[in-house]
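**Q** Following my numbering, the numbering of the sequence shown begins with 3 at its first residue and continues without gaps. All C-beta atoms, glycine included, are put in the ideal place defined by N, C-alpha and C.
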Amino acid sequence: MENNYLIPANSNRGKLILGYFRKIDLIIFGSGAGTTLFLLLLFQNYMTNIAVAIATLLPVLVTGFLVIPVPYQHNVLVFLQNFYKFYFVNRKEFYWRGWCNDYGEEDSNKQ
Numbered sequence: 003m004e005n006n007y008l009i010p011a012n013s014n015r016g017k018l019i020l021g022y023f024r025k026i027d028l029i030i031f032g033s034g035a036g037t038t039l040f041l042l043l044l045f046q047n048y049m050t051n052i053a054v055a056i057a058t059l060l061p062v063l064v065t066g067f068l069v070i071p072v073p074y075q076h077n078v079l080v081f082l083q084n085f086y087k088f089y090f091v092n093r094k095e096f097y098w099r100g101w102c103n104d105y106g107e108e109d110s111n112k113q
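This is how it looks when you write it as structure tokens:
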């Protein structure tokens with residue numbers, strides 16, 4: 003076949019945990035869940051206040067949002083990393099040079 007390989011689009015899912023998560027994703031979510039659990043134990047007497055309850059649950063909500071799978075990207079964290087790299091780190095300027103580009107003033111004698 004002369005090195006012509008057809009690789010299915012989901013071939014990298016076999017390398018992921020449960021087909022969706024990388025190790026770093028689970029570490030991030032686990033740290034958010036652990037922080038929330040610690041805060042729940044620490045502020046259990048103050049859970050009647052809605053602001054304290056929201057602040058206590060915020061770490062698991064934020065880290066859970068970061069590891070949610072997104073179409074055409076791995077997850078929200080990878081999307082944000084790619085967005086940052088594209089717009090702020092590797093910003094390149096491409097100049098259009100094509101057969102239909104105008105390279106200067108039109109000659110008024112030609113018509």
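Can you tell me the Cα-Cα spacing of Val-78 and Ile-26, whole angstroms?
**A** Stepping through the sequence shown from its first residue, residue 78 is reached at position 76. Stepping through the sequence shown from its first residue, residue 26 is reached at position 24. Going by the C-alpha atoms only, they are around 13 Å apart.
**Q** Measuring CA to CA, which of Phe-81, Phe-45, Thr-58 is closest to Leu-68?
**A** Along the sequence shown, one-based indexing puts residue 68 at 66. For the residues Phe-81, Phe-45, Thr-58, the minimum Cα distance to Leu-68 belongs to Phe-81.
**Q** For the stretch 33-41 against the stretch 59-73, do three or more pairs of beta-carbon atoms, one drawn from each stretch, fall closer than 8 Å, so that the two count as touching?
**A** Judged by Cβ distances under 8 Å, the stretch 33-41 makes contact with the stretch 59-73, as three or more pairs qualify.
**Q** Express the C-alpha separation of Phe-90 and Leu-43 in angstroms, rounding to a whole number.
**A** Position 41 of the sequence shown, counting from 1, holds the residue named residue 43. Position 88 of the sequence shown, counting from 1, holds the residue named residue 90. Straight-line Cα distance between these residues: approximately 40 Å.
**Q** Am I right that Gly-34 and Val-54 are in contact with their C-beta atoms under 8 Å? What's the rounded C-beta distance?
**A** For the purposes of this step, residue 34 is taken as the residue at position 32 of the sequence shown. For the purposes of this step, residue 54 is taken as the residue at position 52 of the sequence shown. About 17 Å; that fails the 8 Å criterion.
**Q** What do you reckon, are the CB atoms on Phe-31 and Gly-66 nearer than 8 Å?
**A** Within the sequence shown, the letter at position 29 stands for residue 31. Within the sequence shown, the letter at position 64 stands for residue 66. Against a cut-off of 8 Å, the Cβ pair of Gly-66 and Phe-31 comes out as a contact.
**Q** When the Cα atoms are used, what is the spatial distance from Phe-85 to Thr-50?
**A** Here residue 85 refers to the residue found at position 83 of the sequence shown. Here residue 50 refers to the residue found at position 48 of the sequence shown. Computed Cα separation, rounded: 39 Å.
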